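Novice: Numbered by the working numbering, the letters in the sequence shown go through residues 431 to 824 in order.
There's a structure below that I have some questions on.
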Amino acid sequence: MKLAMIGFGQAGGKIVDKFVGYDAEQGSNIVRAAVAVNTAKADLMGLENIPESQRVLIGQSRVKGHGVGADNELGAEIAEEDMDEVQGAIDSIPVHEVDAFLVIAGLGGGTGSGGAPVISKHLKRIYTEPVYGMGILPGSDEGGIYTLNAARSFQTFVREVDNLLVFDNDAWRKTGESVQGGYDQINDEIVKRFGILFGAGEVEQGGEVAESVVDSSEIINTLAGGGVSTVGYAREEVENTGGGNGGLLSRLTGGEEEDELDTAHTTNRITSLVRKAALGRLTLPCEIEGTERALLVMAGPPKYLNRKGIERGRKWLEEQTGSMEVRGGDYPVRGANFVAGVILLSGVNNVPRIKELQQVAIEAQDNIEDIRDESDENLEELVNDDDDELESLF
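This is the structure in structure tokens:
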């Protein structure tokens, strides 16, 4: 799948930057174009892989390149005002070679949280290609203002994109981990999962062709219908000696029994990985029952992938989700030393974390309003505490 990626704000820019590096390293050709947009000049300068010509600094007249200080209303205003500058970078994207746009942002801050829904709305108005969002939820320990930002941004972002893929920091941060180390690890996890998902179906000259092809239309159809999506992932190391399931002679003569055992083992490994991916740690933890659509992608050396295992995994996923729209296929990666299962669950609706986020945000909003009122009263008391009123200078 060929994507035009737009990273809005600090987190969005870093993740797109990491995607570009992954793309070059793996040769997967997912990222057809990459743009980073920010109100903070330092964040743009810290990127390594996105070309400087595709880094857009907005809001210079208002915040002088210093960011918006977690004010996502200001972030949205600046994105609206400076949309022409962002469009200038988008104009260089060969849209005819792109399957979809992917707008990535952290939802707890100011620039990405406010600007991502704005750019998504703009892209949908101009282009016919699908516009997907990827939103990163802040950890619950990051503070009330970030939770409030995330809740407000989430409910706006999800309405402005064709589908919102969500990654919850809360589910991935490790106890005692440094903040920077934690974010680097999380960004690696994001790129690993979505790299396999979006890379499926891309075949280079002389590359391996899948038995059951997953192409961009399968992903687009799974994401169709809108709503929220989450991704599951599981992998197992394997010994890769290259080649297929033995030579032609062994397959025709003495290798039948061994091949049958290999096939059974391969099938069992695939079904086990599918279960681990679906029932393990999802990018956004949720109940998988009631999922509207799903897509299963198995990646690894060709000899460790088979149609029977994928079909069994797909049927199990159908039973667990109750969905009649479960697609599946393989993504052969010659030379890989692992077999991985990636599951895209689209249109999930039983998501306790989102309910909790919204509840905490409502409480935070009430608290902020109370604190502002109290602050005004305290100031009034402080200034007018003396009975002898003084005249103001002006």
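Ideal Cβ placement from N, Cα and C applies to all residues, glycine included.
Predicted model only: the values in this text are computed from it and were never measured.
Once DSSP output is grouped into helix, strand and coil, what is the label at A470?
Specialist: A470 falls in the strand class under three-state DSSP.
Novice: On the three-state DSSP scale, how would you describe T660?
Specialist: Correct three-state label for T660: strand.
Novice: Excluding the five sequence neighbours on either side, which residues of its own chain have a C-beta within less than 7 Å of the C-beta of K551, listed in chain order?
Specialist: Taken in chain order, the residues that qualify are E590.
Novice: By Cβ distance, which residues of its chain are closer than 6 Å to Q440, with the 5 residues on each side in sequence left out?
Specialist: Excluding positions up to five away in sequence, the list reads D473.
Novice: Is the CB-CB distance between D598 and T751 below 8 Å?
Specialist: No, the pair does not count as a contact, with Cβ atoms beyond the cut-off.
Novice: Kindly indicate which three-state DSSP category E559 falls into: helix, strand or coil?
Specialist: The answer is coil: DSSP assigns E559 none of H, G, I, E or B.
Novice: Cα separation between E559 and N651?
Specialist: Their Cα atoms are separated by approximately 13 Å.
Novice: Looking at C-alpha atoms only, which residue of N593, I649, L627 is the closest neighbour of G378?
Specialist: Residue 378 lies beyond the range of the chain shown here (431 to 824); nothing can be said about it.
Novice: Which same chain residues, not among the five before or five after V498, have their C-beta less than 6 Å away from its C-beta?
Specialist: T469, L504, G505, G540, T541, listed in sequence order.
Novice: In the DSSP assignment, find the unbroken alpha helix (DSSP H) run with R742 in it and report its ends.
Specialist: Taken as a continuous stretch (DSSP letters only), the alpha helix (DSSP H) holding R742 covers 737–751.
Novice: State the start and end residues of the unbroken alpha helix (DSSP H) segment that holds Y452.
Specialist: Here the alpha helix (DSSP H) through Y452 covers 439–456.
Novice: Pull the bridge partners of M435 from the DSSP assignment, please.
Specialist: According to DSSP, which records beta bridges pairwise, M435 is partnered with A464, L532.
Novice: Just tell me which of I436, E811, V446, S822 has its CA closest to the CA of I620.
Specialist: Cα-wise, what sits closest to I620 is V446.
Novice: Check whether the Cβ atoms of S583 and L627 sit closer than 8 Å, and answer yes or no.
Specialist: No, Cβ-Cβ distance for S583 and L627 is not below 8 Å.
Novice: Look up M754 in the DSSP assignment and say whether it is helix, strand or coil.
Specialist: DSSP places M754 in coil when its eight states are reduced to three.
Novice: Over the uninterrupted alpha helix (DSSP H) stretch that includes R492, give me the two end residues.
Specialist: Note, R492: alpha helix (DSSP H), 490–493.
Novice: May I ask you to verify whether the segment 731–748 touches the segment 694–712, counting CB pairs closer than 8 Å and requiring at least 3?
Specialist: The segment 731–748, when compared against the segment 694–712, does touch it at the 8 Å Cβ threshold.
Novice: For T586, which residues in the same chain have their Cβ closer than 7 Å to its Cβ, ignoring the five residues on either side in sequence?
Specialist: Within the same chain, T586 has close Cβ partners P547.
Novice: Of the choices D571, I616, V533, R623, whose alpha-carbon is the least far from that of V588?
Specialist: Out of D571, I616, V533, R623, V533 has the C-alpha closest to the C-alpha of V588.
Novice: Within a Cβ cutoff of 8 Å, which residues of the same chain sit near E478, ignoring the five residues on either side of it in sequence?
Specialist: Excluding residues within five positions, the ones whose Cβ falls inside 8 Å are D447, G451.
Novice: Measuring straight from C-alpha to C-alpha, what distance separates A509 and A601?
Specialist: Distance between the alpha carbons of A509 and A601 is about 30 Å.
Novice: Mind checking which residues open and close the beta strand (DSSP E) that includes I773?
Specialist: 768–776 is the span of the beta strand (DSSP E), which, as asked, contains I773.
Novice: Taking its Cβ as the centre, do 16 or more other Cβ atoms sit within 10 Å of V575, making it buried, or is it exposed?
Specialist: It is Ile, not Val, that sits at residue 575 in the sequence shown. Flag for I575 reads buried.
Novice: Rank A500, K494, Y557 by C-alpha distance to the C-alpha of G545 and give the top, closest one.
Specialist: Nearest of A500, K494, Y557 to G545, Cα basis: A500.
Novice: Decide if F624 is buried, meaning its Cβ has at least 16 other Cβ atoms within 10 Å, or exposed.
Specialist: With 16 or more Cβ atoms within 10 Å of its Cβ, F624 is classed as buried.
Novice: Per DSSP, what kind of secondary structure is P481 in: helix, strand or coil?
Specialist: Note: P481 maps to coil in three-state DSSP.
Novice: Does the Cβ-Cβ distance between M435 and A464 come in under 8 Å?
Specialist: Yes. Within cutoff.
Novice: Could you tell me the alpha carbon to alpha carbon distance between G676 and G629, rounded to whole angstroms?
Specialist: In this prediction, G676 has a pLDDT of 42, which is less than 50 and means its spatial position is unreliable; nothing more can be read from the coordinates.
Novice: Between F438 and I523, which are expected to be in contact by the criterion C-beta below 8 Å, what is the C-beta distance as a whole number of angstroms?
Specialist: Not quite, the Cβ-Cβ distance comes to about 15 Å (not below 8 Å), so this is no contact.
Novice: G476 and L487: beta carbons closer than 8 Å?
Specialist: No; because the gap between Cβ atoms is not below 8 Å, this pair is not in contact.
Novice: Go ahead and label R555 buried or exposed: buried means 16 or more other beta carbons lie within 10 angstroms of its beta carbon, across all protein chains shown.
Specialist: Exposed, by the Cβ-count rule.
Novice: According to the Cβ coordinates, are L735 and I773 closer than 8 Å?
Specialist: The answer is no: Cβ separation not under 8 Å.
Novice: Could you tell me whether the segment 764–773 touches the segment 788–798, where touching means 3 or more Cβ pairs closer than 8 Å?
Specialist: With the cut-off at 8 Å, the segment 764–773 and the segment 788–798 do not touch.
Novice: In the DSSP assignment, find the unbroken beta strand (DSSP E) run with V596 in it and report its ends.
Specialist: 593–598 is the extent of the beta strand (DSSP E) around V596.
Novice: So the candidates are G759, Y761, R744; which of them puts its Cα closest to the Cα of S753?
Specialist: Checking every option, the nearest Cα to that of S753 belongs to R744.
Novice: Take Y663 and list the residues in its own chain whose beta-carbon comes closer than 6 Å to its own, dropping the five residues that flank it on each side.
Specialist: Cβ within range, chain order: R623, A707, V772.
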